[in-house]
Structures are given as structure tokens and as C-alpha cells.
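The sequence shown begins at 1 in UniProt numbering and counts up by one. Where is the CB? At the ideal position from N, CA and C, for every residue including glycine. Bear in mind the structure is a predicted one, so any value in this text is a computation, not a measurement.
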Amino acid sequence: METPVNGAHKDADLWSSHDKMLAQPLKDSDVEVYNIIKKESNRQRVGLELIASENFASRAVLEALGSCLNNKYSEGYPGQRYYGGTEFIDELETLCQKRALQAYKLDPQCWGVNVQPYSGDCLIHMACILRRTCILRRTAIEMSGPDWVGNSSWGNLNHQDVEDCVTFPVSGTSCYSRNLDYARLRKIADENGAYLMADMAHISGLVVAGVVPSPFEHCHVVTTTTHKTLRGCRAGMIFYRKGVLPNVGYRRHQVVANCRALSEALMELGYKIVTGGSDNHLILVDLRSKGTDGGRAEKVLEACDRSALRPSGLRLGTPALTSRGLLEKDFQKVAQFIHRGIELTLQIQSDIGVRATLKEFKERLTGDKYQGAVQALREEVESFASLFPLPGLPDF
């Protein structure tokens, strides 16, 4: 070790600089990152967030995410860690498990919960499924299996499809606006010796509030994320009936009420809503009858709200804006903004022709001809959105 000179190391300035760096706030330490976060904060503040899987975390959640817990390795489970010094991590994880079971009124003698997974669905599939298993509602990227098929032009779930694919039925609502019949799905599973899993990531907060049916009475395994209608951090949980696996209320009621108001307002404006409405937090707007598609409408709505795949509609959700305080009457205004954006989409599409690519559509949208209309609508949206506070930390 270096001998101090007059009681100090000769590289004291270096250590002083290091200590200063550790104590600097982000805006002084990395202005580029700070400015990007500020821009994103402003985008959220002046926009109307209708992505069904997004929400706004509270200040308390953001403070916990930025705490000293970030510094600790904690591989393993409470009482079985690979590293020392994890007693408070154990305490926190155990508290999280206890609260998760309490939130859904589950008996800890019958149910367990893993609060660590980054990909709960993947873990369940690996634990419960043999190779060459047919799974209902998984994407081709993960493994093979058919999506559900609607039994009418309204897109409601056809339970016969489930009966034809019963090794491991998975019930989820990421793109389904009606309640699921868990009792019927469980009956089908039991008749075929199958496990029934519910992926309730989108509706987990609504289940806590009791505004949609709970999957726990009928399912063997239930997975969820924690950042959607639960409005927490980005994480996941696996609830499981013990022995099955090998080795907030008002705002959430308002989410459903707001979604119905948005659905009704859009139908009054002539839009077709898949399934004819919603029982939860999201709606699917079918734009085919309007002669356009979701890809083009999305670009216009993004422009007014600060691959060339062509989805046939829009998935809209109400959790995030409900967190900002919007009520039914406010979503009627939101529906008008959406309608005006789609009308502008149709104008541009008529101008360039239906055979034009999405790239050509975007080029025309950003051209001089339509910038006045886009700017006018953007200013109205920003003025309206600014009436509602954005949850989170005051510095951003």
C-alpha cells in the first residue's frame, strides 16, 4: 500500500473525484441519460396512454426500485441463498409472498407463490409439459399450438377449440375483452387429465378488486406480471396449488367502467368493437369496415400524441389513463380524439391509394400537406392530457 505524504495519498484528488461521482445526481453525472428520461417523462405527461399493457407506477414503487436493494446479489430462495448477507432480502421476499397470497385471499396451506420469475409462462411450460405437447394460445416462437378461434363474427371464445387441444390449456386475456368461463375450462381439463393455467397478467389488478372473475377457484397454476393493472414494478409471479407443480379497489372498478365508456363512445361513432364490448380493461377496434388498418391508424395517433405488418385493428386499454384520474366522461373525449385521428388516416389513405405501403403512408403523413391537421390535433391532445397529473417522481 502506498505511503501517505503529509497524512494523505498523492492521488487524493483522484479519490475525491471518485467520491464526488458516487454522490452526484443523475443530471450532473450523465446529462445525456437524464435528458432522455426527461423527454420520456414529458411524452407520458402530454400524451394519452391507451396501450392496454401499460400503467403508471407510484412514487413509492419508483423509490423502492432506485434503492440500495439494487446492490445485492440474492440468487436462490429465502433461507437457501448462494451468497451471504441476504437476511433482509429474505425478509423482503417473504413479505412479498405473504402480501401476494393475501391480495388474492389465498390459503397459504393450499397455495404457494414464486415472486422471482422473469418469464413465468416459460417456467410453467418447462415444469408441466412433455415434449410434443399441444398448448392452446402460445406463439410459434415459444412452441407450437393453435390460438383460440372465435365462434362468431364478434370474436367470442369457442370452447370447442379448447376441447380439441387439452393437454395443457392456457387461458389468458391479453387480447380478449370478455370474461373467461374458468369453470368450463377446468371441466374440460379434468376430463382429459390436464392442468389448467391462467395467465392473468392483464387483469390481475381487476381480480384483486373483484370486478372480474377470479381464476384461482378453478386453475391449478396462475401467472401474472405486476406492472399492468396491479400498477407495480416490472416483475412476475407464479401462483400454484401445492402439490401440482413438480419439485385496491376503487380505481380498478373505474378501469372497467372507463373501458365500457370508451367502447360505447366508439360504437356510437360507427366503429366495430370485437365481441361487441368489454368486461375488463381493454377493447379491440376492428378497422376493416372503415377501409384501413391498425398500422396506419397507429402512426397517425402517435403523431397526434406526441416491418410493414398490417394489423386489422387497434387494441386499446384504460388502466394507465385511469391512474391519471380520467373518468367515463373523459374517455368520451378520448374517443373523439381517436375518431379524428382515424378520419385523418382515411384522408391520407385516399390520397395515396390503398395499395401504398406503410412506409409511403408514413412519408405522406410527415409531409407538409397534413402537418397542419396533425399539429392542431396534437395540441388539443396535449392540452387535454396536461389537465391530469402524471404519477411518479417529481424530478422527472
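| Item | Value |
| --- | --- |
| For I348 versus R288, is the C-beta distance shorter than 9 Å? | no |
| Look at Y195 and H218 and say whether their C-beta atoms are less than 9 Å apart. | no |
| Look at the alpha carbon of L65 and the alpha carbon of C233, and state the distance between them as a whole number of angstroms. | 8 Å |
| Alpha carbon to alpha carbon, what distance is there between Y34 and A103? | 36 Å |
| Which residues in the same chain have their Cβ closer than 8 Å to the Cβ of L321, if we skip the five residues on either side of it in sequence? | L48, E49, L50, N258, D330, F331, V334 and F388 |
| Would you list the residues sitting across from G232 in a DSSP beta bridge? | Per DSSP, none; premise fails for G232. |
| What separation, rounded to the nearest whole angstrom, lies between the Cα atoms of L377 and P391? | 24 Å |
| For the stretch 370 to 386 and the stretch 340 to 360, state whether three or more C-beta atom pairs, one from each stretch, are separated by less than 8 Å. | yes |
| Determine, using beta carbons only, whether G79 and K242 come nearer to each other than 9 Å. | no |
| For L206, collect the residues of the same chain with a Cβ closer than 8 Å to its Cβ; drop the 5 residues on either side in sequence, then sort them by chain order. | V212, T229, R252, V255, V256, N280 and H281 |
| At 4 residues or longer, what runs of the alpha helix (DSSP H) sit wholly inside the UniProt domain "Serine hydroxymethyltransferase-like" (252 to 338)? | 294 to 303 and 319 to 323 |
| Assuming G205 is part of the alpha helix (DSSP H), what are its boundary residues? | S204 to A209 |
| Put P117 into one of helix, strand or coil per three-state DSSP. | coil |
| Please classify T86: does DSSP put it in a helix, a strand, or coil? | coil |
| Please classify D147 as buried or exposed, where buried requires at least 16 other C-beta atoms within 10 Å of its C-beta. | At D147 the pLDDT is 47, less than 50, meaning the model places this residue with poor confidence and gives no usable figure here. |
| Strictly by DSSP, which residues pair up with Y77? | Q80 |
| Identify which residue in D19, G367 and F337 has its Cα closest to the Cα of D351. | G367 |
| With burial defined as no fewer than 16 other Cβ atoms inside 10 Å of the residue's Cβ, what is the status of N151: buried or exposed? | Unreliable placement is indicated for N151, whose pLDDT of 48 sits below 50; no coordinate value is reported for it. |
| Which residues does DSSP pair with F239 in a beta bridge? | V113 and V222 |
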